[in-house]
Structure formats: structure tokens, C-alpha cells
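So the number in this note's numbering is just where the residue sits in the sequence shown, counting from 1, plus 344. Ideal placement from N, C-alpha and C gives every residue a C-beta, glycine not left out. Before any comments, here is the structure.
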Amino acid sequence: EVRKVIEEMLAQFEVLDEFNFQLPDEQFSDKWDAYGWPRKIEDTVDEVNKQIDKDRNAYQDEMRSEQAAFDRELDDLELVIADFGKHQDIQEIESIGKEVRMRSKALKDHNALAKKFQSREILFGLEQ
345 EVRKVIEEML AQFEVLDEFN FQLPDEQFSD KWDAYGWPRK IEDTVDEVNK
395 QIDKDRNAYQ DEMRSEQAAF DRELDDLELV IADFGKHQDI QEIESIGKEV
445 RMRSKALKDH NALAKKFQSR EILFGLEQ
């Protein structure tokens, strides 16, 4: 709708130019602003798109870094959990129970993080 109005206005200015009509300063300035605005808008859109791409890449790099740390922590948890089967001394049941509860919470936290990473991968269009 705005584009139509601008095109109409520019067409009217062209007719006036054909008859060598001298525009008042304000209208002359409006005419050149109307010619220049589409370019300004395109330049702004280009700048914003470049910034979006830059931000997207930065967020993706940050996500990959977080996922690498997550994978290392998960590997450590797997080793600790695998060691639980080696416990046989009933006297250590209290300390082992504390360790199990602590690791259980860590597993729940990692499960929540895994879901968070999956949703981010969907946003970035990455394979899961």
C-alpha cells in the first residue's frame, strides 16, 4: 500500500519534471527522499540479515561448546555409574546411597539439558 503511494508520488514528480516545474524546497527534498528510501531500507535489511547470520553462527558455536562439555560430563557419569556394581561392602551403604542420590540428580539435570539441546538443534535445523 505504501509502495503504491510512493510510486504514484514519483510518477507525479516525473510529470512535473517533464514540464520543467520548479518544486518548492520542501517538496524537492521530499522527492529525493522518496527516491532514496527504498535503497536505505534495502541497506538496513542487508545489515540486519548479516547481523542475524553472525549471531546465529555465534549461538551455534556456543551450543556446540556446551554440548561438548555435556558429553564429557556424561562420559564421567557413565564411568561412576558403572563402578556402582563393584561395591560389595554393606558397611558403605550410607555413603554409596548418598553418591547414588547425587548421581541420580546429575542424571536428571543432564536429561533436561539433553532436551534443551534437542530443541536448539531443531531451531538450527541440525540433525538430532
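| Check | Outcome |
| --- | --- |
| Segment contact, 8 Å Cβ cut-off, at least three pairs: the region 446 to 465 with the region 420 to 432 | yes |
| Separation of Ile440 from Leu421, as counted between CA atoms | 15 Å |
| Of the listed residues Glu362, Met407, Leu354 and Glu370, nearest to Lys459 (C-alpha basis) | Met407 |
| Extent of the continuous alpha helix (DSSP H) to which Gly380 belongs | Asp369 to Asp427 |
| Stretch pair the region 361 to 379 + the region 396 to 412: three plus CB contacts closer than 8 Å | no |
| Extent of the continuous alpha helix (DSSP H) to which Gly441 belongs | Ile437 to Phe468 |
| Buried versus exposed call for Phe468 [16 or more other C-beta atoms within 10 Å across all chains shown] | exposed |
| Opening and closing residue of the alpha helix (DSSP H) in which Arg356 lies | Reading off the sequence, residue 356 comes out as Gln, not Arg. Here the alpha helix (DSSP H) through Gln356 covers Val346 to Glu362. |
| Exposure of Phe357, with buried meaning 16 or more beta-carbon neighbours within 10 Å | buried |
| Rounded C-alpha distance that separates Glu370 from Arg347 | 21 Å |
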